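Position 236, counted from 1, in the sequence shown is what UniProt numbering calls 236; the numbers after and before it change by one each time, with no gaps. Quick reminder that beta carbons are idealized off the backbone N, C-alpha and C, glycines included. Keep in mind the model is a prediction, meaning the values are calculated, not measured.
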Amino acid sequence: MNPYVLATLLSSLGLGTTLTFASSHWLLAWMGLEINTLAIVPLMAQHHHPRAVEATTKYFLTQATAAAVILFASTTNAWITGEWNMTNMSNPTATTMILAALALKIGLAPMHFWMPEVLQGLDLLTGLILSTWQKLAPLTLIIQTAQAFDPLLLTTLGLMSTLIGGWGGLNQTQLRKILAYSSIAHMGWMIIVLQYAPQLTLLALFMYILMTSAAFLTLKLLSTTKVNTLATIWSKNPVLTTTAALILLSLGGLPPLTGFMPKWFILQELAKQDLPLTATVMALAALISLYFYLRLCYTMTLTISPNITTSITPWRTQTTQASLPLALFTVMALGLLPITPAMIMLIS
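Right, here's the structure in full:
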């Protein structure tokens, strides 16, 4: 892609998200979301592959549907209340419609069906943008209007997302689909605690972005998109294989890795709010997710010679990818648990 076009598209992505961040008016927020969607569409379709074009079409249709519902619901709310301000969401029908549309935008269950299919059709770097940056604007709107939403609806969305995100990833052989289900599960963790402690939602989002970025950049460096090719990478790059396994365990939320911190805080908050059953279901759902991360770790680190691997060993090609971002994200995805006391001070 032409570097000037790429720069324009990436700055438009930044502009769209910043517009939504800065807005308190529904029309401006909608405009930011639309700029975001239109800026990523050319990035998704840049390879002119049938799968990429199909993924782009699916993504555009789902995002356009969500944007239309947001526009309709905010217009309905403005018609009834007389103002476009986000803080004045008094009409229950409009608030439910907006929550459904924003859930569709970030891929919360049961509006998650587009997410694995779209991510599967993209290259790893565009997939990284879709899994991290594209979540920011809709999640900001959900956080800003959280007090207007029905608490039972938020809890249901959170529980369904963590369960489906764990369940859906169990039988996958494609790494991008596994990361898509991982994303759905993490979104569920963020939504479940939103009504009680929005700062924990932000912490979970930050940690999710760190870990997912590290995972995508590692797979990009290894040129791997399928589970069976993971079995042959240990001979190619043993250090990177070790860190990749640890990043996956961090995504699963195992101590003493970074991913344990947000899950620990969220379960603690749910217990404080006298919701032991919800906390138990969330912890069990995290175990389901952990199973498929462990499956990947097993494939990467334990299926080594003299075991027979059915996949062809890839060529040891030189990569042009910068290693500094990967190094930074990997260190943060693995070693931030010791700053937990500082986080407790910040969020309490």
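| Excluding sequence positions up to five away, which residues of its chain have a Cβ less than 6 Å from the Cβ of T319? | Looking up residue 319 in the sequence shown gives position 319. Within the same chain, T319 has close Cβ partners L221.
| request: Find out if the Cβ-Cβ distance for the pair K263, W189 is shorter than 8 Å. | output: As a working note, residue 263 is residue 263 in the sequence shown. As a working note, residue 189 is residue 189 in the sequence shown. Result yes, Cβ atoms of K263 and W189 sit closer than 8 Å.
| Terminal residues of the continuous alpha helix (DSSP H) containing Y181? | As a first step, residue 181 is located in the sequence shown; it is residue number 181 there, counting from the start. First-last of the alpha helix (DSSP H) with Y181: L175 to I192.
| request: Label P138 either buried or exposed according to how many other C-beta atoms from any shown protein chain fall within 10 Å of its C-beta, with 16 as the threshold for buried. | output: Working through the sequence shown from its first residue, we reach residue 138 at position 138. Flag for P138 reads buried.
| request: Pick helix, strand or coil for K135, following the three-state DSSP scheme. | output: For this step, residue 135 is matched to residue 135 along the sequence shown. It is helical.
| Rounded C-beta distance between I129 and G158? I'm assuming under 8 Å. | Residue mapping note: residue 129 aligns to position 129 of the sequence shown, counting from 1. Residue mapping note: residue 158 aligns to position 158 of the sequence shown, counting from 1. With a Cβ gap of about 24 Å, I129 and G158 do not count as contacting.
| query | If M115 and S161 are in contact, beta carbons under 8 Å, what's the gap, nearest whole angstrom? | reply | As a first step, residue 115 must be located in the sequence shown, where it is residue number 115. As a first step, residue 161 must be located in the sequence shown, where it is residue number 161. Not really, about 11 Å apart at Cβ, beyond 8 Å.
| Residue of K226, I143, K177 and W167 minimising C-alpha distance to Q199 | By 1-based counting over the sequence shown, the position of residue 199 is 199. Residue I143 is the option with its Cα nearest to Q199.
| request: Indicate whether the contact test is met: 3 or more Cβ pairs, each with one atom in the segment 120-136 and one in the segment 32-45, closer than 8 Å. | output: yes
| request: Could you name the residues of the same chain whose beta carbon sits closer than 6 Å to that of T241, not counting the 5 residues immediately before and after it, in chain order? | output: Against the sequence shown, residue 241 aligns to sequence position 241. Excluding sequence neighbours, T241 sits near I233, W234 and M300.
| message | I need the DSSP call for N85, collapsed to helix, strand or coil. | response | Mapped onto the sequence shown, residue 85 falls at position 85. The answer is strand: DSSP assigns N85 an E or B state.
| request: List the endpoints of the continuous alpha helix (DSSP H) containing N36. | output: Position 36 of the sequence shown, counting from 1, holds the residue named residue 36. From DSSP, the alpha helix (DSSP H) with N36 extends over W26 to M44.
| field | Simplified DSSP state of K236, which is helix, strand or coil | value | Reading the sequence shown from its first residue, position 236 is the one you call residue 236. Residue state, collapsed to three classes: coil.
| query | Do L346 and M261 have their C-beta atoms within less than 8 Å of each other? | reply | For the purposes of this step, residue 346 is identified with residue 346 of the sequence shown, where counting begins at 1. For the purposes of this step, residue 261 is identified with residue 261 of the sequence shown, where counting begins at 1. Against a cut-off of 8 Å, the Cβ pair of M261 and L346 comes out as no contact.
| query | When you compare only the Cα positions, how much space is there between H49 and L6? | reply | Here residue 49 corresponds to residue number 49 of the sequence shown, with the count starting at 1. Here residue 6 corresponds to residue number 6 of the sequence shown, with the count starting at 1. Looking at the two C-alpha atoms, the distance is approximately 18 Å.
| Within 8 Å, strictly: CB atoms of R176 and L254 | Locating residue 176 in the sequence shown gives position 176, where the first residue counts as 1. Locating residue 254 in the sequence shown gives position 254, where the first residue counts as 1. No. Outside cutoff.
| field | Unbroken alpha helix (DSSP H) run spanning W114, endpoints | value | What you label residue 114 is simply residue 114 of the sequence shown in a count that begins at 1. Where W114 is concerned, the enclosing alpha helix (DSSP H) stretches over W114 to Q120.
| task | Figure out for me which residue from L136, L28, Q195 and V69 has the closest Cα to the Cα of L275. | result | As a first step, residue 275 must be located in the sequence shown, where it is residue number 275. Out of L136, L28, Q195 and V69, Q195 has the C-alpha closest to the C-alpha of L275.
| Is the CB-CB distance between T81 and S74 below 8 Å? | Residue mapping note: residue 81 aligns to position 81 of the sequence shown, counting from 1. Residue mapping note: residue 74 aligns to position 74 of the sequence shown, counting from 1. Going by C-beta atoms, T81 is not nearer than 8 Å to S74.
| field | From A146, A109, A52 and A103, residue whose alpha carbon lies closest to that of T65 | value | Looking up residue 65 in the sequence shown gives position 65. Closest option to T65, Cα to Cα, is A103.
| field | Residues of its chain near G265, where Cβ-Cβ distance is below 6 Å and the 5 sequence neighbours each way are ignored | value | Against the sequence shown, residue 265 aligns to sequence position 265. Going by the sequence as given, residue 265 is Phe instead of Gly. L200, listed in sequence order.
| Between which two residues does the alpha helix (DSSP H) containing M168 stretch? | Sequence index remark: in the sequence shown, residue 168 carries index 168 (1-based). It is worth fixing the name first, because residue 168 is Gly in this sequence and not Met. It spans P151 to G168 - the alpha helix (DSSP H) in which G168 sits, taken as one unbroken run.
| Can you name the residues that DSSP bridges to K226? | Here the question's residue 226 lines up with position 226 in the sequence shown. Bridge partners of K226: Q174.
| query | Near T155, what residues of its chain come up, given a Cβ to Cβ distance below 7 Å and the 5 sequence neighbours on each side ignored? | reply | In the sequence shown, residue 155 corresponds to position 155, counting from 1. Excluding residues within five positions, the ones whose Cβ falls inside 7 Å are I192 and T278.
| task | Pick helix, strand or coil for W79, following the three-state DSSP scheme. | result | Along the sequence shown, one-based indexing puts residue 79 at 79. DSSP places W79 in helix when its eight states are reduced to three.
| Given I164 as reference, the closest of A286, D150, Y59 and Q321 once Cα atoms are compared | Looking up residue 164 in the sequence shown gives position 164. The option with the nearest alpha carbon to I164 is A286.
| task | Report buried or exposed for W315, applying the criterion of at least 16 other Cβ atoms within 10 angstroms of its Cβ. | result | What you label residue 315 is simply residue 315 of the sequence shown in a count that begins at 1. That one is exposed.
| For S323, does the three-state DSSP call read helix, strand or coil? | For the purposes of this step, residue 323 is taken as the residue at position 323 of the sequence shown. Correct three-state label for S323: helix.
| request: Could you confirm whether any beta carbon from chain C is found closer than 8 Å to the beta carbon of A22? | output: In the displayed structure, chain C is absent; only one protein chain is listed.
| task | Name the residue from L219, F216 and A22 whose alpha carbon lies nearest to the alpha carbon of L141. | result | Locating residue 141 in the sequence shown gives position 141, counting from the first residue. The shortest Cα separation from L141 among L219, F216 and A22 belongs to A22.
| query | Beta carbon of G107, beta carbon of A52: below 8 Å? | reply | Translated into the one-based positions of the sequence shown, residue 107 becomes position 107. Translated into the one-based positions of the sequence shown, residue 52 becomes position 52. No, these two residues do not count as a Cβ contact at 8 Å.
| request: Could you spell out the range, first to last residue, of the alpha helix (DSSP H) harbouring W264? | output: Residue numbering aside, residue 264 sits at position 264 when the sequence shown is read from its first letter. Unbroken alpha helix (DSSP H) run through W264: F260 to K272.
| When DSSP labels each residue in this structure, what does M97 get in the three-state scheme? | The residue labelled residue 97 in the question sits at position 97 within the sequence shown. The answer is helix: DSSP assigns M97 an H, G or I state.
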